[in-house]
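So the structure is just underneath, and the comments pick up after that.
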Amino acid sequence: MEMETRTPAPFPTPATSAPAPRWAVRAAHLAALVTLPAGVWRIALVLGIPAGYTAEGFAAFETPGAKAWMLFLSMATELPTLLTLGLVCPWGEVLPRRLPRIGGRTVHPLAATVPALVAASASSRCGHRWRGGGRSPTRT
Numbered sequence: 027m028e029m030e031t032r033t034p035a036p037f038p039t040p041a042t043s044a045p046a047p048r049w050a051v052r053a054a055h056l057a058a059l060v061t062l063p064a065g066v067w068r069i070a071l072v073l074g075i076p077a078g079y080t081a082e083g084f085a086a087f088e089t090p091g092a093k094a095w096m097l098f099l100s101m102a103t104e105l106p107t108l109l110t111l112g113l114v115c116p117w118g119e120v121l122p123r124r125l126p127r128i129g130g131r132t133v134h135p136l137a138a139t140v141p142a143l144v145a146a147s148a149s150s151r152c153g154h155r156w157r158g159g160g161r162s163p164t165r166t
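Here the sequence shown is numbered in the working numbering, starting from 27 and rising by one per residue.
The following block contains the structure:
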């Protein structure tokens, strides 16, 4: 009696193998690039470049706490926007094989949806609060 050995597929195929439309790819790349200037500006401030500040105004950014906060803000805005690329790239459906233990597995839809909702909610709330709660400064 001969035993049959099966070799696993080299790469699991996702449920949706159709490529993303060109407009969606462009929109995802644009979304990832929109936050880049603010991140580069914050990194310049952390590195000691007074990008647009006078010497007196820049002094507040020289504390370790301010530098840590600016690095955190840069990462908190850049990482979620880079996840938009996962919506149109193959690694958004199947994790790359180079990742230890989880490489080659399909991405569960909630793994993409929940971070997107959290990031959108956080940015909407912060933007709403930054604009003064949506009220006009001239109205009472």
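We put the CB at the ideal spot given by N, CA and C, even for glycine.
Residue from T89, A58, P63 with nearest C-alpha to A77: As a position in the sequence shown, residue 77 is number 51, starting the count at 1. Considering only alpha carbons, the answer is P63.
Alpha-carbon to alpha-carbon, T103 and E88: As a position in the sequence shown, residue 88 is number 62, starting the count at 1. As a position in the sequence shown, residue 103 is number 77, starting the count at 1. Each residue's alpha carbon lies about 21 angstroms from the other.
Alpha carbon to alpha carbon, what distance is there between T139 and R131? Here residue 131 refers to the residue found at position 105 when the sequence shown is read from its first residue. Here residue 139 refers to the residue found at position 113 when the sequence shown is read from its first residue. Roughly 17 angstroms between the two C-alpha positions.
Determine the closest residue to P47 out of V114, R123, L105, with distance taken between C-alpha atoms. On the sequence shown, position 21 is the one that residue 47 refers to. Nearest option by C-alpha distance: V114.
Pick out the complete alpha helix (DSSP H) segments inside the stretch 100-154, 4 residues or longer, and give them in chain order. Given a length threshold of 4 residues, the stretch 100-154 has no whole run of the alpha helix (DSSP H) inside it.
For A148, which residues of its own chain have a beta-carbon under 7 angstroms away from its beta-carbon, when the five flanking residues on both sides are left out? By 1-based counting over the sequence shown, the position of residue 148 is 122. There are no such residues.
DSSP three-state assignment for L62, whether helix, strand or coil: Numbered from 1 along the sequence shown, position 36 holds the residue referred to as residue 62. Residue state, collapsed to three classes: helix.
From this set, A142, P106, A92, which residue's C-alpha is nearest L59's C-alpha? By 1-based counting over the sequence shown, the position of residue 59 is 33. Comparing Cα positions, the closest option is P106.
Applying the criterion that 16 or more other CB atoms from any shown protein chain within 10 Å of the CB defines a buried residue, is A54 buried or exposed? On the sequence shown, position 28 is the one that residue 54 refers to. Buried.
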